[in-house]
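*Asks:* Please read through the structure below; I'll follow up with questions.
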Amino acid sequence: MERLQKKIANSGYTSRRKAEELIQKGKVKVNGQIITELGYKVEESDSIEIENHLLKEEKKEYYLLFKPEHTISSVIDEHNRTTVVDLIPTKTRIYPVGRLDYDTTGLLILTNDGKLANILMHPKNKVEKTYIAKVEGILDGEDFQKLKKGIQIDGRKTIPVRIKLRNKNQKKNQSKIEITIIEGRNHIVKKIFETINHPVIELKRESYAFLNLEGLKKGEARKLTIKEIKKLYALK
233 MERLQKKIAN
243 SGYTSRRKAE
253 ELIQKGKVKV
263 NGQIITELGY
273 KVEESDSIEI
283 ENHLLKEEKK
293 EYYLLFKPEH
303 TISSVIDEHN
313 RTTVVDLIPT
323 KTRIYPVGRL
333 DYDTTGLLIL
343 TNDGKLANIL
353 MHPKNKVEKT
363 YIAKVEGILD
373 GEDFQKLKKG
383 IQIDGRKTIP
393 VRIKLRNKNQ
403 KKNQSKIEIT
413 IIEGRNHIVK
423 KIFETINHPV
433 IELKRESYAF
443 LNLEGLKKGE
453 ARKLTIKEIK
463 KLYALK
């Protein structure tokens, strides 16, 4: 048996958080009965309706997107701004795995496979994400020591997996830093550098686990291969 919200998310209909909202609002029926209990468990044979639409397993799709700036990491946007889903040529209900800020560029995975999304986002699996951050100021040895020892972000200690200087521009008083983390908290990279008084000017995610942006331009996407999907599942 499986929890109702997890079943909905794994079907590709929507994210688990959105599924929970639908359940609490009385929008979900199991075998004709409205269910509002988040812990409710269903069997494979149960009939599930969401907003009067019968839940069906969709064919799984997996995409790697080079997210451009000024794009929302969401399925829809109330202000009609371009979303990452708008950039993928599919009619399937896909959604981004995690998020990148509106002004952040780089690698983003989109899928309708809730099980894989959970593997990639769960902290215990320690999936590495590497970013290139252009920051104000020139980082010195003391700054790097602070980062390597760990700093407090919103009451929790954060230690990058790796961090190194890519280059520095004395004239512009800027540094370009490569940083690898396993956390997925909102704005975490920006908060890391703000804490040591080097605000981020530009941010790009270069890699996610073993995946990178090779062969893609901003706004372009490609399907993940079967081999890549299996390797991502193996990260559990």
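Numbering-wise, the sequence shown is residues 233 to 468 according to my numbering.
Cβ coordinates follow ideal geometry from the N, Cα and C atoms, glycine included.
This one's a predicted model, so the numbers in the text were calculated from it and none came from an experiment.
Throw me the rounded Cβ distance for the ARG325 and GLY244 pair, which I believe falls under 8 angstroms.
*Replies:* Position 93 of the sequence shown holds residue 325. Position 12 of the sequence shown holds residue 244. Right, the Cβ-Cβ distance comes to about 6 angstroms (below 8 angstroms), so this counts as a contact.
*Asks:* Flag this pair as touching only if the segment 409 to 419 and the segment 354 to 363 have three or more C-beta atom pairs under 8 angstroms; answer yes or no.
*Replies:* Touching, yes.
*Asks:* Can you list, in chain order, the residues of its chain whose CB lies under 6 angstroms from that of LYS239, leaving out five sequence neighbours each side?
*Replies:* As a position in the sequence shown, residue 239 is number 7, starting the count at 1. Closer than 6 angstroms at the Cβ level, and outside the excluded window around LYS239, lie VAL274.
*Asks:* Are ALA365 and ILE409 close, meaning C-beta to C-beta below 7 angstroms?
*Replies:* As a working note, residue 365 is residue 133 in the sequence shown. As a working note, residue 409 is residue 177 in the sequence shown. It is a contact, given that the beta carbons lie within the stated cut-off.
*Asks:* Quick check on LYS404: does DSSP put it in helix, strand or coil?
*Replies:* In the sequence shown, the residue the question calls residue 404 occupies position 172. Correct three-state label for LYS404: coil.
*Asks:* Could you tell me whether the segment 301 to 312 touches the segment 267 to 281, where touching means 3 or more Cβ pairs closer than 8 angstroms?
*Replies:* The segment 301 to 312 vs the segment 267 to 281: no contact.
*Asks:* Find the nearest neighbour of ALA241 within the set VAL329, LYS423, ASN263 and GLU452, judged by alpha-carbon distance.
*Replies:* As a first step, residue 241 is located in the sequence shown; it is residue number 9 there, counting from the start. Here the closest residue by C-alpha is VAL329.
*Asks:* Would you mind listing the beta strand (DSSP E) stretches within the segment 315 to 388 that are 3+ residues and don't spill past its ends, in chain order?
*Replies:* Taking only runs of at least 3 residues, the beta strand (DSSP E) segments lying wholly in the segment 315 to 388 are 337 to 343, 361 to 368 and 383 to 385.
*Asks:* In chain order, what residues of the same chain have a beta carbon less than 6 angstroms from the beta carbon of LEU352, not counting five sequence neighbours either side?
*Replies:* Start at 1 with the first residue of the sequence shown, and residue 352 comes out as number 120. VAL329 and VAL359.
*Asks:* Considering only C-alpha positions, which residue in the set LYS449, THR343, ALA251 and LEU236 is nearest to LYS292?
*Replies:* In the sequence shown, counting from the first residue as 1, residue 292 sits at position 60. When each option's Cα is compared against that of LYS292, the closest is THR343.
*Asks:* What whole-angstrom Cβ distance do GLU348 and TYR440 have, given they're in contact under 8 angstroms?
*Replies:* As a first step, residue 348 must be located in the sequence shown, where it is residue number 116. As a first step, residue 440 must be located in the sequence shown, where it is residue number 208. In the sequence as displayed, the identity of residue 348 is Leu instead of Glu. The pair is not a contact, with the Cβ atoms about 12 angstroms apart (cut-off 8 angstroms).
*Asks:* Comparing alpha-carbon positions, which option in PRO321, THR322, LEU339 and ILE282 lies nearest LYS299?
*Replies:* Reading the sequence shown from its first residue, position 67 is the one you call residue 299. The shortest Cα separation from LYS299 among PRO321, THR322, LEU339 and ILE282 belongs to LEU339.
*Asks:* Quick check on DSSP: helix, strand or coil for TYR465?
*Replies:* Taking the sequence shown and counting its residues from 1, one reaches residue 465 at position 233. Correct three-state label for TYR465: helix.
*Asks:* So who's on the other strand from LEU435, going by DSSP bridges?
*Replies:* Along the sequence shown, read from residue 1 onward, the residue named residue 435 stands at position 203. Its beta-bridge partners are ALA365.
*Asks:* Among residues of its own chain, excluding the 5 on either side of PRO431, which ones have a beta-carbon nearer than 7 angstroms to its beta-carbon?
*Replies:* If you number the sequence shown from 1, residue 431 lands on position 199. Excluding residues within five positions, the ones whose Cβ falls inside 7 angstroms are VAL367, GLU368 and PHE425.
*Asks:* Near TYR272, which residues of its chain fall below 6 angstroms by C-beta distance, leaving aside the five closest residues on each side in sequence?
*Replies:* By 1-based counting over the sequence shown, the position of residue 272 is 40. Result list for TYR272: LEU236, in chain order.
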